[in-house]
Every structure is written in C-alpha cells, then in structure tokens.
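S.K.:
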Amino acid sequence: MEWLQQQQTCQLEQLVTHIEATYGVVFQSKQSYYDLLHQAGLSWKKMQARRPQKDEAQVAQKNTRLWSYS
0 MEWLQQQQTC QLEQLVTHIE ATYGVVFQSK QSYYDLLHQA GLSWKKMQAR
50 RPQKDEAQVA QKNTRLWSYS
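Numbering (numbering that gives the first Met the number 0), first residue to last: 0 to 69.
1) Under the three-state reduction of DSSP, which class applies to Met-0: helix, strand or coil?
2) Taking the alpha-carbon of Trp-2 as reference, which of Glu-12, Gln-10, His-17 has the nearest alpha-carbon?
3) Just to confirm the assignment, what range does the alpha helix (DSSP H) spanning Gln-6 have?
4) Tell me the rounded alpha-carbon separation between Tyr-33 and Thr-63.
5) Closer than 8 Å by C-beta to Gly-40: which residues in its own chain qualify, once you throw out the five before and the five after it? Chain order, please.
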C-alpha cells in the first residue's frame with residue numbers, strides 16, 4: 000500500500016507487475032487490484048495528465064462543443 004500511495008498515477012498493469020514481482024502473488028480477479036487502487040485513493044481509470052476542469056479555456060471550449068451538438 001505504501002508503494003501504491005507514493006505513485007501519482009498507476010496503471011493496472013504496473014500494479015499487477017509490482018505485486019507479482021514483490022510478493023509473488025497474482026490475484027484471480029481484477030477487482031482485487033481495483034480495490035487496492037481505491038484504498039490508496041487512486042482510480043483504475045486512465046488519468047489525464049492535466050485536469051481540464053482546472054483550465055478555464057479548455058472548459059469553455061468543451062462546453063461550446065457540447066452545446067453545439069444539442
């Protein structure tokens with residue numbers, strides 16, 4: 000858990016490799032890995048390099064695109 004909490008982002012494959020190499024354990028279900036990520040405060044979904052919610056120009060551009068479709 001300590002290693003996982005030190006990671007800013009972690010893809011599922013990285014976690015699987017780390018657990019197998021360090022502890023010799025391979026979980027049968029991906030849900031076990033998802034649970035570990037959740038406990039560490041990370042998401043199993045791919046994370047964006049920058050959060051567009053924090054960039055007002057990107058938010059405005061996205062909103063314009065969304066409204067033009069409706």
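Glycine included, every Cβ here is placed at the ideal spot set by N, Cα and C.
M.R.: This is what the structure holds:
1) Position 1 of the sequence shown holds residue 0. DSSP, reduced to helix, strand and coil, places Met-0 outside both helices and strands of the structure shown, so it counts as coil.
2) Taking the sequence shown and counting its residues from 1, the one referred to as residue 2 is at position 3. For Trp-2, the nearest C-alpha among the options comes from His-17.
3) Locating residue 6 in the sequence shown gives position 7, counting from the first residue. First-last for Gln-6: undefined, no H or E at that position.
4) Taking the sequence shown and counting its residues from 1, the one referred to as residue 33 is at position 34. Taking the sequence shown and counting its residues from 1, the one referred to as residue 63 is at position 64. Those two C-alpha atoms are separated by around 34 Å.
5) As a position in the sequence shown, residue 40 is number 41, starting the count at 1. The residues are Gln-4.
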